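Peer 1: Residue numbers (the numbering used here), protein chains in the order written: chain A, 9 to 125; chain B, 12 to 126.
If you scroll down you'll find the structure; I have some questions about it.
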Amino acid sequence: DGGITQSPKYLFRKEGQNVTLSCEQNLNHDAMYWYRQDPGQGLRLIYYSQIVNDFQKGDIAEGYSVSREKKESFPLTVTSAQKNPTAFYLCASSPLPYGGRMNTEAFFGQGTRLTVV
Amino acid sequence: AQKITQTQPGMFVQEKEAVTLDCTYDTSDPSYGLFWYKQPSSGEMIFLIYQGSYDQQNATEGRYSLNFQKARKSANLVISASQLGDSAMYFCAMRVTDSGYALNFGKGTSLLVTP
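Okay, here's the thing in structure tokens:
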């Protein structure tokens with residue numbers, strides 16, 4: 009089945025440790041996104057990528073890094089510089105809009121819940 | 012800057028009744044798309060409905076309809092005949108041309124459907 013797979017579902021990080029969250033899609037979408045969700049809050053954009061080997065910072069990129077070496081994959085690394093990493097992380101992908109129409113929905117993975125211990 | 016505002020942190024509705032979830036937006040981009048997503052307690056994001064800035068008709072998808080008032084910059088979600096399974100967080104989101112066409116989300120409304 010086509011979709012987006014995030015792993016792991018739960019992740020525990022020690023202080024000062026880098027961790028990497030996986031995101032893979034087989035929908036052939038050009039665009040991929042990483043969001044962070046804190047309790048009772050909406051989703052905030054961390055990084056996005058529209059094409060392989062290119063990515064851009066979103067609203068809250070500090071303490072995070074990404075790569076886009078393959079169209080299907082967009083891993084997120086939470087570095088030790090991220091002071092408050094405990095959150096729910098969602099990866100999404102979508103086709104890029106064309107012809108000025110914005111109706112291409114974003115498809116989301118199941119999310120990764122990261123906790124600092 | 013683009014902004015989505017959802018002013019209702021929590022809402023209650025009785026089963027089989029209709030409920031309206033409010034959403035206002037702010038953008039200077041003439042081309043934009045408005046989306047509603049449902050997030051159950053499991054955390055997945057489920058797409059419900061879409062409205063484009065140039066669409067003349069209000070969008071409908073089954074029990075979901077979108078009350079789009081462009082001049083007021085509002086895009087309220089109407090759920091008819093509520094069901095217990097509708098209990099979830101609901102997010103309004105907007106897509107514009109910047110940030111790689113990323114969706115910009117509001118803070119959400121928690122809906123509880125009671126028997």
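In this text, a Cβ means the ideal position worked out from N, Cα and C, and glycines have one as well.
The model shown is predicted, which means the values in this text are computed figures rather than measured ones.
Which chain A residues sit within Cβ distance under 7 Å of K49 (chain B)?
Peer 2: Result: empty, since nearest Cβ-Cβ is about 11 Å, beyond 7 Å.
Peer 1: Are the C-beta of Y106 (chain A) and some C-beta of chain B separated by less than 8 Å?
Peer 2: Answer no: the Cβ-Cβ gap between Y106 (chain A) and chain B never drops below 8 Å.
Peer 1: Closer than 8 Å, CB to CB, is E32 (chain A) near chain B or not?
Peer 2: Chain B, which has no Cβ nearer than 8 Å to the Cβ of E32 (chain A), makes this no.
Peer 1: Which residues does DSSP list as the beta-bridge partners of Q80 (chain B)?
Peer 2: Answer by DSSP bridge pairing, in chain order: B:S85.
Peer 1: Taking the alpha-carbon positions, what's the V27 (chain A) to S42 (chain B) distance?
Peer 2: C-alpha separation (whole angstroms): 38 Å.
Peer 1: By the criterion of Cβ-Cβ separation under 7 Å, what are the contact partners of S110 (chain B) in chain A?
Peer 2: Within chain A, the residues near S110 (chain B) are L53, Y56 and G66.
Peer 1: Nearest CA to the CA of Y97 (chain A): which residue from A:I12, A:L29, A:G24 and A:F20?
Peer 2: Of A:I12, A:L29, A:G24 and A:F20, the residue nearest in Cα terms is A:L29.
Peer 1: Helix, strand or coil, according to DSSP, for Y65 (chain B) in the structure here?
Peer 2: Of the three classes helix, strand and coil, the one that applies to Y65 (chain B) here is coil, per DSSP.
Peer 1: Can you find a C-beta in chain B that's less than 8 Å from the C-beta of F96 (chain A)?
Peer 2: True, the Cβ-Cβ gap to chain B drops below 8 Å.
Peer 1: Interface residues of chain B around G10 (chain A) at Cβ under 9 Å?
Peer 2: Within chain B, no residue comes near G10 (chain A); the closest Cβ sits about 14 Å away, beyond 9 Å.
Peer 1: Secondary structure at L95 (chain B), three-state DSSP: helix, strand or coil?
Peer 2: DSSP places L95 (chain B) in helix when its eight states are reduced to three.
Peer 1: What are the partner residues of L123 (chain B), as DSSP defines its beta bridges?
Peer 2: Answer by DSSP bridge pairing, in chain order: B:F23.
Peer 1: Could you compute how far the alpha carbon of Q25 (chain A) sits from the alpha carbon of Y56 (chain A)?
Peer 2: Whole-angstrom Cα-Cα distance: 23 Å.
Peer 1: Would you say R76 (chain A) lies against chain B (beta-carbon separation less than 8 Å)?
Peer 2: No, its Cβ sits nowhere closer than 8 Å to a Cβ of chain B.
Peer 1: So with CB distances below 7 Å, who are the chain B contacts of R109 (chain A)?
Peer 2: Residues of chain B passing the Cβ test: G63.
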